[in-house]
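Notes follow the structure.
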Amino acid sequence: MVQNYKQVSGVCSPSNTDEFLTLAHEENVRFIHYTWQCVMREMQSFQGTENSNKGPQKYVERTPNPSLSSFTPVDLNSVRRRNAQDSKKS
């Protein structure tokens, strides 16, 4: 599957002025986001059908790594909101 993505001109101005996102970075993020959304839609469309083995497969470790037992995923959206709120306060 090949996708064409529009290149956006200009550089984002993040809340932290020490960090600038390049156009290549933004394009990579858009690509990953779009592709992940496609995978999620495909997984949902095959879920519960007789063709469920033909769609994307979710990886599940058979023997979980004990050192990751306390791992909690980070909600990046909440981190972004919190950072935006903190920058408005200062």
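The UniProt record's numbering numbers the first residue of the sequence shown as 1 and each following residue consecutively.
Ideal Cβ positions, reconstructed from N, Cα and C, are used throughout, including at glycine.
Owing to the predicted nature of the structure, the values given are computational and were not obtained by experimental measurement.
{"Item": "Rounded separation between ILE32 and CYS38 - CA only", "Value": "10 angstroms"}
{"Item": "Nearest candidate by alpha-carbon position, reference PRO56, set THR22, SER78, ARG41, GLU27", "Value": "ARG41"}
{"Item": "LEU68 versus VAL79: straight-line alpha-carbon distance, rounded", "Value": "22 angstroms"}
{"Item": "Residue range of the unbroken alpha helix (DSSP H) whose run includes PHE46", "Value": "23–46"}
{"Item": "Separation of ARG30 from ARG82, as counted between CA atoms", "Value": "22 angstroms"}
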